[in-house]
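Visitor:
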Amino acid sequence: DGKEGICIAFYSYKDILKLEKFMQGKPVAEQEIGKQLLQETVAYAESNQCRRKLLLNYFGENYDKDNCGACDNCLHPKKQFDGQEEMCLVIELIQSVPEHFKMEHLANILSGTTNALIKSYNHDRLELFGAGSDHTVKFWCAVIHQGLILHLLDKEIESYGLISVTEKGLEFFNSPYPLMLTEEREFVEGEDDDDDTYGAAANRGGGGGDTMLLSMLKDLRKSVAKRLGLQQWVVFSDASLEDMSIMYPVTYDELKNCQGVGEGKAHKFGREFIELIGKYVQENEIDRPDDFIVKSTVNKSANKVFIIQNIDRKLSLDDIADARSLDMEELLDEIEAIVYSGTKLDIDYYIQENIDDDTVQDIYDYFKEDAESDSLQDAMEELGPDYDERDVRLVRIKFLCEVAN
């Protein structure tokens, strides 16, 4: 009709978390592509840059104007700073590592944030690790993202978003010049931007999970646990209930797709929960997700199949570890992953041979009567230094298999 059009984006990071949940259990390649798309969505929603420039860049086009005069960020520009030094630091880091890495990994290195991936590559020993520790991971992600927009950096889509330096980026690094970057947005959930013409609407629900349903599920868990004389976490963990509040499972097969719920736990504790969810869905006319993840009972890696088969044959755990070139801690990690996926394992034969009966009983009683969660750290603090951590892990596995699964 020739009149002005207005586009308003409703954004909540909880929705991103919900979509990440739905990707669990899908093939790795599909998960990587999905995560990359979600990261692009977050970057667009939380960016302070010109939205027209961001959109055109995403589709491989350039927009040379500094201000489009139409989007919220151009109508109400945020504070800028000279990012010459920061961009040089990013480029120096990318050149100093022999392989390419994703944006968040590079940001973690610069901010000095340690995680398993950082340690596995020994990147916590890099000279540049923590070189930008006066800034947050989010700040460095914003710098890298603006480097992509300015074509100083490049993202390899075919390689799931690995970051490299362009020829223009190398020229900038060799002959730096003032580079005005926009400070990252301090995005607060549910807050309206006071200086926006139209404003970002506050979140009105539909976040990571259905809070009303989650509250009802927690009440039901409390009553079930009390009736059965169990700790609440034994029935279903908080993570399991949160998944239920997102996926609305109404059958045993759908319930098994929730985190930490296997065949045994679903049938042992699940009936009242799926009945409650089914009634809630019907009464509130809720559209349930139709893309349920098909999750196998256990990840059929060679190690896991080997471990399950040989525990069934009552082979010593030490021999199983040796056969797969694992130390005992690594083997226990594998066994715990199997058990937490819902598979029962009988390791009584090994426990009886290696741990004193009184010790077993003390640890078992702790998890049955006193523990507020399955936390190993909490267990060690409560039980004290007289108890070996490996023994506690073994008895915890026994308890989970006998009571929880």
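Numbering (UniProt numbering), first residue to last: 1 to 405. Even for Gly, the Cβ is constructed at its ideal location relative to N, Cα and C. Note that the coordinates shown come from a computational prediction; the quantities given were computed from them, not determined experimentally.
#1: Any idea if Ile286 is buried or exposed, counting beta-carbon neighbours within 10 angstroms, 16 or more meaning buried?
#2: Compute the Euclidean distance between the alpha carbons of Glu32 and Asp362, then round it to the nearest angstrom.
#3: Report yes if the CB atom of Thr41 is closer than 8 Å to the CB atom of Ile16, and no otherwise.
#4: Under three-state DSSP, which class holds Phe367?
#5: May I have the straight-line CA-CA distance separating Lys404 from Asn310, to the nearest angstrom?
#6: So what's Asp154 in DSSP terms, helix, strand or just coil?
#7: Give the range of the alpha helix (DSSP H) segment to which Gln282 is assigned.
#8: Would DSSP call Ser237 helix, strand or coil?
#9: Using a 10 Å radius around the Cβ and a threshold of 16 neighbouring Cβ atoms, would you call Ala29 buried or exposed?
#10: Would you say Glu242 and Gly209 are within 8 Å of each other, going by their C-beta atoms?
#11: What residues in its chain sit with their C-beta under 8 Å from that of Ile351, if we drop five residues either side in the sequence?
#12: Alpha carbon to alpha carbon, how far is Ser12 from Asp358? Give it in angstroms, no decimals.
#13: Determine the burial state of Leu220: buried for a count of at least 16 other Cβ atoms within 10 Å of its Cβ, exposed for fewer.
#14: Between which residues of its own chain and Val165 is the CB-CB distance below 8 Å, once the five residues before and five after are set aside?
#15: So Gly342 and Glu402 are supposed to be a Cβ contact under 8 Å. How far apart are they, rounded?
#16: With distance defined between alpha-carbon atoms, name the residue in Asn48, Gln84, Glu85 and Lys65 nearest to His76.
#17: Buried or exposed: where does Ile335 fall if 16 or more other Cβ atoms within 10 Å of its Cβ makes it buried?
#18: What did DSSP end up calling Val143 once you bin it into helix, strand or coil?
#19: Taking the C-alpha atoms as reference points, what is the distance between Ala170 and Cys88?
#20: Which value, in whole angstroms, describes the spacing of the CA atoms of His135 and Asp82?
#21: Using the rule of at least 16 other Cβ atoms within 10 Å of the residue's Cβ for burial, across every protein chain shown, is Gly147 buried or exposed?
#22: Is it right to say Thr197 is buried, meaning 16 or more other beta carbons lie within 10 angstroms of its own, or is it exposed?
#23: In the DSSP assignment, find the unbroken beta strand (DSSP E) run with Ser164 in it and report its ends.
#24: Give me the residue from Tyr349, Arg313 and Ile308 with the minimum Cα distance to Asp331.
#25: Residues in its own chain within less than 8 Å of Asp378 by CB, not counting five upstream and five downstream?
#26: Leu55: buried (16+ other C-beta within 10 angstroms of its C-beta) or exposed?
#27: Using the Cα positions of Arg324 and Glu389, report the straight-line distance between them to the nearest angstrom.
#28: So, Pro176 versus Gln259, is the Cβ gap smaller than 8 Å?
#29: Kindly indicate which three-state DSSP category Arg396 falls into: helix, strand or coil?
#30: Let's test the definition: count the other Cβ atoms within 10 Å of the Cβ of Asn115 and tell me whether it reaches 16, buried, or not, exposed.
Guide: Once the coordinates are examined:
#1: exposed
#2: Here the alpha carbons of Asp362 and Glu32 stand approximately 44 Å from one another.
#3: yes
#4: helix
#5: The displayed chain sequence assigns Ala, not Lys, to residue 404. Cα to Cα, the separation comes out at about 22 Å.
#6: strand
#7: Arg271 to Glu283
#8: coil
#9: exposed
#10: Yes. Within cutoff.
#11: Val360, Leu394, Val395 and Lys398
#12: 52 Å
#13: buried
#14: For Val165, where only same-chain residues beyond five positions count, the Cβ hits under 8 Å are Ile91, Ile94, Gln95, Leu152, Leu153, Asp154 and Phe173.
#15: Between Gly342 and Glu402 a beta carbon distance of about 14 Å is seen, past the 8 Å cut, so the two are scored as non-contacting.
#16: Asn48
#17: Buried, by the Cβ-count rule.
#18: helix
#19: One detail in the question is off: residue 170 reads as Leu in this sequence, not Ala. So the alpha carbons of these two residues sit roughly 9 Å apart.
#20: 15 Å
#21: Its Cβ being crowded by 16 or more others within 10 Å, Gly147 is buried.
#22: Since pLDDT at Thr197 reaches only 40, below the 50 mark, its modelled position is unreliable, and no value is offered.
#23: Leu162 to Val165
#24: The amino acid occupying residue 331 in the given sequence is Leu; Asp does not appear at that position. The option with the nearest alpha carbon to Leu331 is Ile308.
#25: Ala371 and Glu372
#26: exposed
#27: 22 Å
#28: no
#29: helix
#30: With fewer than 16 other CB atoms across the displayed protein chains lying within 10 angstroms of its CB, Asn115 is exposed.
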